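Trainee: Below are the structure tokens for one structure; questions will follow.
Residue numbers (the working numbering): 1264 to 1335.
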């Protein structure tokens, strides 16, 4: 499948955005966990891990796509 440079840039931007938003959510999760006010810590922790994994993968795809379009 071919990926245009514009699509690769969009993937990269979305990946970085997700990393920033879920990265700040980690600090919120930790503060709520320490305070004992978190209702379902397992659910929130899994959401943070899944969100970060998706962000890393999208950023990876965006970087690979941009590198591939530069060579071609």
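Note that the Cβ used here is the ideal one computed from N, Cα and C, for glycine as well.
Predicted model, so just to flag it, every value in this text is computed and none were measured.
#1: Grouping DSSP H, G and I as helix and E and B as strand, with all else coil, what is residue 1325?
#2: Mapping DSSP to helix, strand and coil, what is residue 1281?
#3: Any idea if residue 1321 is buried or exposed, counting beta-carbon neighbours within 10 angstroms, 16 or more meaning buried?
#4: Rounded to the nearest angstrom, what separates residue 1332 and residue 1316 at their Cα positions?
#5: Enumerate in chain order the residues of its own chain whose CB-to-CB distance from residue 1324 is below 6 angstroms, with the five nearest sequence positions on each side excluded.
#6: By how many angstroms is the C-alpha of residue 1319 removed from the C-alpha of residue 1278?
Mentor: According to the data block:
#1: Here residue 1325 refers to the residue found at position 62 when the chain shown is read from its first residue. Helix at residue 1325.
#2: Along the chain shown, one-based indexing puts residue 1281 at 18. DSSP places residue 1281 in helix when its eight states are reduced to three.
#3: To locate residue 1321, count along the chain shown from 1; it is residue 58. Residue 1321 is buried by the Cβ-count criterion.
#4: Here residue 1332 refers to the residue found at position 69 of the chain shown. Here residue 1316 refers to the residue found at position 53 of the chain shown. About 24 angstroms.
#5: For the purposes of this step, residue 1324 is taken as residue 61 along the chain shown, with counting starting at 1. Excluding positions up to five away in sequence, the list reads 1274.
#6: The sequence position of residue 1278 within the chain shown is 15, counting from 1. The sequence position of residue 1319 within the chain shown is 56, counting from 1. Straight-line Cα distance between these residues: approximately 6 angstroms.
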